[in-house]
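In the working numbering, the protein residues as written are 87 to 408. Ideal placement from N, C-alpha and C gives every residue a C-beta, glycine not left out. Note sheet for the following structure.
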(Lines of atoms letter the chains of each structure in order from A; the text may use other names.)
(Lines give C-alpha, C1' and ligand atoms only; values in the text may rest on other atoms or scores of the structure.)
Protein backbone atom coordinates (compact mmCIF):
# COMPACT_ATOMS: atom_id res chain seq x y z
CA UNK A 87 0.00 0.00 0.00
CA UNK A 88 1.39 3.41 -0.96
CA UNK A 89 1.14 5.97 1.85
CA UNK A 90 -0.85 9.16 1.09
CA UNK A 91 2.27 11.31 1.42
CA UNK A 92 4.34 9.11 -0.89
CA UNK A 93 5.48 12.09 -2.98
CA UNK A 94 7.16 13.63 0.04
CA UNK A 95 8.40 10.26 1.28
CA UNK A 96 10.13 9.57 -2.06
CA UNK A 97 12.41 12.60 -1.74
CA UNK A 98 16.01 12.40 -0.65
CA UNK A 99 16.78 14.74 2.23
CA UNK A 100 19.90 16.81 1.49
CA UNK A 101 21.65 19.19 3.90
CA UNK A 102 23.93 21.78 2.29
CA UNK A 103 26.77 23.76 3.89
CA UNK A 104 27.98 26.33 1.36
CA UNK A 105 28.19 30.02 0.64
CA UNK A 106 25.03 31.54 -0.78
CA UNK A 107 26.13 31.59 -4.43
CA UNK A 108 27.01 27.89 -4.48
CA UNK A 109 23.92 27.00 -2.44
CA UNK A 110 21.71 28.80 -4.99
CA UNK A 111 23.33 26.85 -7.84
CA UNK A 112 22.76 23.58 -6.01
CA UNK A 113 19.10 24.43 -5.36
CA UNK A 114 18.57 24.94 -9.08
CA UNK A 115 20.14 21.57 -9.87
CA UNK A 116 18.33 19.58 -7.17
CA UNK A 117 14.86 18.98 -8.55
CA UNK A 118 12.27 19.42 -5.81
CA UNK A 119 10.35 16.36 -6.95
CA UNK A 120 13.33 14.22 -6.00
CA UNK A 121 15.18 16.21 -3.34
CA UNK A 122 14.20 17.98 -0.15
CA UNK A 123 17.09 20.29 0.74
CA UNK A 124 18.11 22.82 3.38
CA UNK A 125 21.13 25.09 3.09
CA UNK A 126 23.30 26.80 5.71
CA UNK A 127 26.26 29.14 5.35
CA UNK A 128 27.12 29.38 9.07
CA UNK A 129 28.94 26.38 10.58
CA UNK A 130 27.14 26.64 13.92
CA UNK A 131 23.69 26.44 12.33
CA UNK A 132 24.77 23.63 10.01
CA UNK A 133 26.23 21.54 12.85
CA UNK A 134 23.22 22.13 15.06
CA UNK A 135 20.85 21.01 12.30
CA UNK A 136 22.85 17.89 11.39
CA UNK A 137 23.30 16.70 14.97
CA UNK A 138 19.60 17.20 15.70
CA UNK A 139 18.31 15.65 12.47
CA UNK A 140 21.00 13.12 11.56
CA UNK A 141 18.41 10.32 11.35
CA UNK A 142 16.40 12.26 8.75
CA UNK A 143 19.28 13.37 6.50
CA UNK A 144 20.20 11.16 3.54
CA UNK A 145 23.26 13.04 2.28
CA UNK A 146 25.41 16.08 3.08
CA UNK A 147 26.83 18.51 0.51
CA UNK A 148 29.70 20.57 1.89
CA UNK A 149 31.78 23.30 0.30
CA UNK A 150 35.45 22.83 1.05
CA UNK A 151 36.08 25.96 3.12
CA UNK A 152 39.38 26.45 4.92
CA UNK A 153 37.60 25.56 8.18
CA UNK A 154 35.75 22.51 6.85
CA UNK A 155 38.06 20.17 8.78
CA UNK A 156 36.76 21.55 12.07
CA UNK A 157 33.17 21.03 10.94
CA UNK A 158 33.76 17.46 9.78
CA UNK A 159 35.82 16.51 12.81
CA UNK A 160 33.02 17.74 15.06
CA UNK A 161 30.47 15.59 13.22
CA UNK A 162 32.85 12.63 13.38
CA UNK A 163 33.32 13.01 17.12
CA UNK A 164 29.56 13.24 17.57
CA UNK A 165 29.26 9.92 15.69
CA UNK A 166 27.20 11.75 13.05
CA UNK A 167 28.46 9.83 10.02
CA UNK A 168 26.48 10.41 6.83
CA UNK A 169 26.99 10.19 3.06
CA UNK A 170 28.73 13.32 1.83
CA UNK A 171 29.66 15.15 -1.36
CA UNK A 172 32.47 17.69 -0.92
CA UNK A 173 32.57 20.52 -3.47
CA UNK A 174 36.03 21.88 -4.15
CA UNK A 175 36.83 25.36 -5.55
CA UNK A 176 37.51 25.57 -9.32
CA UNK A 177 41.13 26.54 -8.65
CA UNK A 178 41.77 23.22 -6.90
CA UNK A 179 44.72 21.03 -7.87
CA UNK A 180 42.10 18.43 -8.77
CA UNK A 181 40.87 20.53 -11.71
CA UNK A 182 42.60 18.32 -14.29
CA UNK A 183 40.99 15.15 -12.96
CA UNK A 184 38.43 13.35 -15.04
CA UNK A 185 35.03 14.94 -14.40
CA UNK A 186 33.46 11.77 -13.04
CA UNK A 187 32.33 11.54 -9.42
CA UNK A 188 32.66 7.76 -9.46
CA UNK A 189 36.44 8.08 -9.83
CA UNK A 190 37.04 11.43 -8.18
CA UNK A 191 39.32 11.36 -5.13
CA UNK A 192 40.08 14.10 -2.62
CA UNK A 193 43.51 15.73 -2.56
CA UNK A 194 46.16 14.02 -0.49
CA UNK A 195 46.73 15.43 2.99
CA UNK A 196 49.66 14.88 5.30
CA UNK A 197 48.94 13.94 8.90
CA UNK A 198 51.09 14.96 11.85
CA UNK A 199 52.84 11.59 11.86
CA UNK A 200 53.85 11.95 8.21
CA UNK A 201 51.27 9.50 6.83
CA UNK A 202 49.32 10.50 3.74
CA UNK A 203 45.57 10.33 3.92
CA UNK A 204 42.98 10.93 1.21
CA UNK A 205 39.87 11.83 3.11
CA UNK A 206 38.54 14.49 5.45
CA UNK A 207 35.43 12.85 6.92
CA UNK A 208 35.40 9.18 5.93
CA UNK A 209 36.62 7.07 3.03
CA UNK A 210 33.20 7.01 1.38
CA UNK A 211 33.15 10.73 0.58
CA UNK A 212 32.72 11.92 -3.01
CA UNK A 213 34.47 15.04 -4.34
CA UNK A 214 33.40 17.42 -7.11
CA UNK A 215 34.85 20.59 -8.50
CA UNK A 216 32.55 23.60 -8.46
CA UNK A 217 32.70 23.44 -12.26
CA UNK A 218 31.17 19.94 -12.15
CA UNK A 219 27.97 20.82 -10.29
CA UNK A 220 25.74 19.48 -13.05
CA UNK A 221 26.87 16.03 -11.89
CA UNK A 222 25.56 16.52 -8.37
CA UNK A 223 22.65 14.00 -8.70
CA UNK A 224 25.08 11.25 -9.72
CA UNK A 225 27.51 12.32 -7.00
CA UNK A 226 24.75 12.00 -4.37
CA UNK A 227 23.96 8.47 -5.53
CA UNK A 228 27.65 7.61 -5.43
CA UNK A 229 28.00 9.06 -1.93
CA UNK A 230 25.09 6.98 -0.64
CA UNK A 231 26.40 3.81 -2.28
CA UNK A 232 29.90 4.34 -0.89
CA UNK A 233 28.57 5.09 2.58
CA UNK A 234 26.56 1.86 2.67
CA UNK A 235 29.77 0.02 1.72
CA UNK A 236 31.88 1.90 4.25
CA UNK A 237 34.00 -0.14 6.64
CA UNK A 238 35.05 1.08 10.07
CA UNK A 239 38.20 3.19 9.91
CA UNK A 240 40.52 5.42 11.97
CA UNK A 241 39.53 8.92 12.99
CA UNK A 242 38.91 11.68 10.48
CA UNK A 243 41.98 13.61 9.43
CA UNK A 244 42.85 16.61 11.56
CA UNK A 245 45.43 19.08 10.29
CA UNK A 246 44.25 21.99 12.43
CA UNK A 247 47.00 22.35 15.01
CA UNK A 248 44.95 24.88 16.95
CA UNK A 249 42.32 22.21 17.52
CA UNK A 250 44.80 19.83 19.10
CA UNK A 251 44.39 19.05 22.76
CA UNK A 252 45.62 16.63 25.37
CA UNK A 253 42.16 15.10 25.55
CA UNK A 254 41.78 11.81 23.71
CA UNK A 255 39.47 12.19 20.74
CA UNK A 256 36.24 10.23 20.86
CA UNK A 257 35.83 8.06 17.80
CA UNK A 258 32.74 6.37 16.38
CA UNK A 259 32.56 2.65 17.07
CA UNK A 260 32.01 -0.06 14.42
CA UNK A 261 28.57 -0.64 15.95
CA UNK A 262 27.55 3.02 15.58
CA UNK A 263 28.63 3.08 11.93
CA UNK A 264 26.72 -0.12 11.17
CA UNK A 265 23.67 1.27 12.93
CA UNK A 266 23.65 4.40 10.77
CA UNK A 267 24.26 2.39 7.60
CA UNK A 268 21.34 0.10 8.39
CA UNK A 269 19.10 3.02 9.30
CA UNK A 270 19.83 4.73 5.98
CA UNK A 271 19.40 1.50 4.05
CA UNK A 272 16.04 0.87 5.74
CA UNK A 273 14.88 4.40 4.87
CA UNK A 274 15.88 4.04 1.23
CA UNK A 275 14.30 0.62 0.95
CA UNK A 276 11.03 1.77 2.52
CA UNK A 277 10.68 5.12 0.79
CA UNK A 278 12.30 4.64 -2.59
CA UNK A 279 12.59 0.94 -3.27
CA UNK A 280 16.22 1.94 -3.73
CA UNK A 281 17.43 -1.63 -4.11
CA UNK A 282 20.46 -0.83 -6.23
CA UNK A 283 22.08 1.20 -3.46
CA UNK A 284 20.68 -0.87 -0.63
CA UNK A 285 22.01 -4.13 -1.93
CA UNK A 286 25.37 -2.94 -3.20
CA UNK A 287 27.61 -4.69 -0.71
CA UNK A 288 31.37 -4.44 -0.28
CA UNK A 289 33.11 -7.85 -0.43
CA UNK A 290 35.75 -6.49 1.95
CA UNK A 291 33.07 -6.56 4.65
CA UNK A 292 32.16 -10.18 3.99
CA UNK A 293 32.73 -12.52 6.91
CA UNK A 294 35.30 -14.60 5.05
CA UNK A 295 37.42 -11.50 4.38
CA UNK A 296 37.44 -10.20 7.96
CA UNK A 297 40.32 -10.74 10.36
CA UNK A 298 39.92 -13.38 13.05
CA UNK A 299 39.26 -10.69 15.67
CA UNK A 300 36.65 -9.01 13.47
CA UNK A 301 34.94 -12.34 12.81
CA UNK A 302 34.76 -13.06 16.52
CA UNK A 303 33.37 -9.58 17.23
CA UNK A 304 30.71 -9.94 14.55
CA UNK A 305 29.65 -13.41 15.71
CA UNK A 306 29.48 -12.23 19.31
CA UNK A 307 27.28 -9.31 18.27
CA UNK A 308 24.99 -11.57 16.23
CA UNK A 309 24.68 -14.11 19.06
CA UNK A 310 23.73 -11.38 21.53
CA UNK A 311 21.13 -9.93 19.18
CA UNK A 312 19.76 -13.40 18.45
CA UNK A 313 19.56 -14.13 22.19
CA UNK A 314 17.59 -10.93 22.75
CA UNK A 315 15.16 -11.84 19.99
CA UNK A 316 14.59 -15.32 21.44
CA UNK A 317 14.08 -14.06 24.98
CA UNK A 318 11.53 -11.48 23.84
CA UNK A 319 10.00 -13.22 20.84
CA UNK A 320 6.56 -13.77 22.37
CA UNK A 321 6.28 -10.44 24.18
CA UNK A 322 3.58 -8.16 22.79
CA UNK A 323 5.40 -4.90 23.50
CA UNK A 324 8.76 -5.95 22.04
CA UNK A 325 9.73 -4.31 18.69
CA UNK A 326 10.28 -7.70 17.09
CA UNK A 327 10.33 -6.68 13.45
CA UNK A 328 12.95 -4.00 14.02
CA UNK A 329 15.15 -6.42 15.98
CA UNK A 330 14.92 -9.07 13.27
CA UNK A 331 15.66 -6.48 10.59
CA UNK A 332 18.82 -5.38 12.44
CA UNK A 333 20.02 -8.96 12.77
CA UNK A 334 19.23 -9.86 9.18
CA UNK A 335 20.85 -6.69 7.81
CA UNK A 336 24.11 -7.44 9.61
CA UNK A 337 23.98 -11.03 8.42
CA UNK A 338 23.30 -9.96 4.83
CA UNK A 339 26.02 -7.32 4.63
CA UNK A 340 28.51 -9.83 6.08
CA UNK A 341 27.37 -12.40 3.48
CA UNK A 342 26.76 -15.05 6.13
CA UNK A 343 24.97 -18.18 4.99
CA UNK A 344 21.66 -19.53 6.28
CA UNK A 345 23.55 -22.49 7.73
CA UNK A 346 25.61 -20.13 9.91
CA UNK A 347 22.41 -18.58 11.24
CA UNK A 348 21.10 -22.07 11.95
CA UNK A 349 24.32 -22.84 13.84
CA UNK A 350 23.84 -19.76 16.03
CA UNK A 351 20.28 -20.85 16.73
CA UNK A 352 21.27 -24.40 17.66
CA UNK A 353 24.08 -23.23 19.94
CA UNK A 354 21.67 -20.96 21.78
CA UNK A 355 19.03 -23.70 22.05
CA UNK A 356 21.63 -26.09 23.48
CA UNK A 357 22.58 -23.46 26.05
CA UNK A 358 18.95 -22.92 27.05
CA UNK A 359 18.32 -26.69 27.18
CA UNK A 360 21.18 -27.18 29.61
CA UNK A 361 19.86 -24.38 31.79
CA UNK A 362 16.36 -25.87 31.82
CA UNK A 363 17.78 -29.28 32.68
CA UNK A 364 19.63 -27.82 35.66
CA UNK A 365 16.37 -26.27 36.79
CA UNK A 366 14.57 -29.60 36.42
CA UNK A 367 12.29 -28.32 33.65
CA UNK A 368 11.37 -29.76 30.27
CA UNK A 369 13.06 -28.35 27.21
CA UNK A 370 10.02 -28.94 24.98
CA UNK A 371 9.23 -25.23 25.21
CA UNK A 372 12.28 -24.58 23.06
CA UNK A 373 10.50 -26.15 20.09
CA UNK A 374 8.30 -23.07 19.92
CA UNK A 375 11.34 -20.98 19.06
CA UNK A 376 11.59 -22.71 15.71
CA UNK A 377 9.13 -20.00 14.71
CA UNK A 378 11.81 -17.39 15.38
CA UNK A 379 14.32 -19.31 13.29
CA UNK A 380 11.85 -19.65 10.41
CA UNK A 381 11.04 -15.94 10.65
CA UNK A 382 14.69 -14.88 10.53
CA UNK A 383 15.66 -17.28 7.75
CA UNK A 384 12.67 -16.17 5.67
CA UNK A 385 13.75 -12.53 6.01
CA UNK A 386 17.34 -13.39 5.11
CA UNK A 387 16.40 -15.48 2.09
CA UNK A 388 14.23 -12.63 0.85
CA UNK A 389 17.18 -10.26 1.20
CA UNK A 390 19.39 -12.53 -0.89
CA UNK A 391 16.63 -13.04 -3.44
CA UNK A 392 16.11 -9.32 -3.88
CA UNK A 393 19.84 -8.62 -4.04
CA UNK A 394 19.75 -9.52 -7.73
CA UNK A 395 19.98 -6.13 -9.50
CA UNK A 396 16.84 -4.83 -11.14
CA UNK A 397 17.14 -4.01 -14.83
CA UNK A 398 15.24 -0.73 -14.49
CA UNK A 399 17.78 0.87 -12.14
CA UNK A 400 20.39 3.21 -13.65
CA UNK A 401 23.76 1.61 -14.24
CA UNK A 402 25.64 4.22 -12.22
CA UNK A 403 23.87 3.09 -9.05
CA UNK A 404 25.70 -0.22 -9.18
CA UNK A 405 29.15 1.03 -10.16
CA UNK A 406 31.36 3.22 -8.02
CA UNK A 407 35.04 3.71 -7.43
CA UNK A 408 36.72 1.59 -4.82
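Does residue 208 come out as helix, strand or coil in the three-state DSSP assignment?
Reading the chain shown from its first residue, position 122 is the one you call residue 208. Reduced to three states, the DSSP call for residue 208 is coil.
Given this structure, state the Cα-to-Cα distance separating residue 327 from residue 152, to the nearest angstrom.
Residue numbering aside, residue 327 sits at position 241 when the chain shown is read from its first letter. Residue numbering aside, residue 152 sits at position 66 when the chain shown is read from its first letter. When rounded, the distance between both Cα atoms is 45 Å.
Would you call the segment 214-226 and the segment 112-124 touching, i.e. three or more CB-CB distances under 8 Å?
yes
Considering residue 132, what are the terminal residues of the alpha helix (DSSP H) in which it resides?
On the chain shown, position 46 is the one that residue 132 refers to. Segment 129-139, the alpha helix (DSSP H) holding residue 132.
Is the segment 334-342 in contact with the segment 373-381, if contact means three or more CB pairs nearer than 8 Å?
no
One question on the structure: do residue 99 and residue 133 come within less than 8 Å of each other, judged by their Cβ atoms?
Counted from its first residue, the chain shown places residue 99 at position 13. Counted from its first residue, the chain shown places residue 133 at position 47. Contact check for residue 99 against residue 133 fails: the beta carbons are separated by 8 Å or more.
What does DSSP give as the partner residue(s) for residue 121 in the beta ladder?
Against the chain shown, residue 121 aligns to sequence position 35. In DSSP, residue 121 forms a bridge with 98.
According to DSSP, is residue 321 helix, strand or coil?
Here residue 321 refers to the residue found at position 235 of the chain shown. If DSSP states are grouped into helix, strand and coil, residue 321 belongs with coil.
Under the DSSP definition of a beta bridge, which residues are partnered with residue 148?
As a position in the chain shown, residue 148 is number 62, starting the count at 1. In the DSSP output, where bridge partners are listed per residue, residue 148 has 103, 172.
Below 8 Å on the Cβ atoms is my contact criterion, and I expect residue 233 with residue 157 to pass it. Report the Cβ-Cβ distance as a whole number of Å.
If you number the chain shown from 1, residue 233 lands on position 147. If you number the chain shown from 1, residue 157 lands on position 71. Residue 233 to residue 157, Cβ: 18 Å. No contact.
Bridge partners for residue 126 per DSSP, in chain order?
Here residue 126 refers to the residue found at position 40 when the chain shown is read from its first residue. Residue 126 is bridged to 103.
Three Cβ pairs or more, each shorter than 8 Å: is that satisfied between the segment 288-297 and the segment 348-366?
no
Report the three-state DSSP secondary structure of residue 214 (helix, strand or coil).
The residue labelled residue 214 in the question sits at position 128 within the chain shown. Here residue 214 sits in strand by DSSP.
For residue 264, which residues from the same chain have a beta carbon less than 7 Å from its beta carbon, with the 5 sequence-adjacent residues on both sides left out?
For the purposes of this step, residue 264 is identified with residue 178 of the chain shown, where counting begins at 1. Here the set comprises 336.
Where do the N-terminal and C-terminal ends of the alpha helix (DSSP H) with residue 291 fall, by residue?
Here residue 291 is taken as the residue at index 205 of the chain shown, counted from 1. Here residue 291 belongs to no alpha helix (DSSP H), and DSSP marks it neither H nor E.
Do you know whose CA, among 333, 146, 216, 348, lies nearest residue 210's CA?
Along the chain shown, one-based indexing puts residue 210 at 124. It is 146.
In chain order, what residues of the same chain lie with their CB nearer than 8 Å to the CB of residue 334, ignoring the 5 residues before and after it?
If you number the chain shown from 1, residue 334 lands on position 248. Excluding the 5 residues flanking it on each side, residue 334 has same chain C-beta neighbours closer than 8 Å at 382, 385, 386, 389, in chain order.
Taking the alpha-carbon positions, what's the residue 165 to residue 212 distance?
Within the chain shown, the letter at position 79 stands for residue 165. Within the chain shown, the letter at position 126 stands for residue 212. Separation of residue 165 and residue 212 (C-alpha to C-alpha, rounded to the nearest whole angstrom) is 19 Å.
Helix or strand or just coil, what does DSSP make of residue 235?
Residue numbering aside, residue 235 sits at position 149 when the chain shown is read from its first letter. Three-state DSSP puts residue 235 in coil, outside helix and strand.
Kindly list the residues whose CB is nearer than 6 Å to the CB of residue 235, restricted to its own chain and excluding five residues on each side of it in sequence; keep chain order.
By 1-based counting over the chain shown, the position of residue 235 is 149. Within the same chain, Cβ atoms closer than 6 Å to the Cβ of residue 235 are found at 288, the five residues on either side in sequence being excluded.
Can you tell me whether DSSP reads residue 227 as helix, strand or coil?
Translated into the one-based positions of the chain shown, residue 227 becomes position 141. DSSP places residue 227 in helix when its eight states are reduced to three.
My guess is that residue 171 and residue 216 are in contact by the Cβ rule of under 8 Å, so how many angstroms apart are they, rounded?
Here residue 171 corresponds to residue number 85 of the chain shown, with the count starting at 1. Here residue 216 corresponds to residue number 130 of the chain shown, with the count starting at 1. That belief does not hold up - the Cβ atoms of residue 171 and residue 216 are roughly 12 Å apart, past 8 Å.
Kindly give me the distance between the Cβ atoms of residue 167 and residue 266, rounded to whole angstroms, as I take these residues to be in contact under 8 Å.
Mapped onto the chain shown, residue 167 falls at position 81. Mapped onto the chain shown, residue 266 falls at position 180. Indeed they touch by this definition, with Cβ atoms about 6 Å apart.
What is the residue span of the alpha helix (DSSP H) that residue 375 lies within?
Taking the first residue of the chain shown as position 1, residue 375 is located at position 289. No alpha helix (DSSP H) contains residue 375, which DSSP labels as neither H nor E.
Return the Cβ separation of residue 270 and residue 112 in integer angstroms, given the expectation that the two are a contact with Cβ distance under 8 Å.
Within the chain shown, residue 270 is the residue found at index 184, counting from 1. Within the chain shown, residue 112 is the residue found at index 26, counting from 1. Rounded, the Cβ-Cβ distance is 21 Å, inconsistent with contact.
Pull up the distance between the alpha-carbon of residue 310 and that of residue 268, whole angstroms please.
Taking the first residue of the chain shown as 1, we reach residue 310 at position 224. Taking the first residue of the chain shown as 1, we reach residue 268 at position 182. Between residue 310 and residue 268, the C-alpha separation is close to 18 Å.
Rounded to a whole number of angstroms, what is the C-alpha to C-alpha distance between residue 214 and residue 308?
In the chain shown, the residue the question calls residue 214 occupies position 128. In the chain shown, the residue the question calls residue 308 occupies position 222. Distance between the alpha carbons of residue 214 and residue 308: 38 Å.
Assuming the contact rule is C-beta atoms closer than 8 Å, residue 324 and residue 318 should be a hit. Round their C-beta distance to whole Å, please.
Taking the chain shown and counting its residues from 1, the one referred to as residue 324 is at position 238. Taking the chain shown and counting its residues from 1, the one referred to as residue 318 is at position 232. Indeed, because the Cβ distance is near 4 Å, the residues count as touching under 8 Å.
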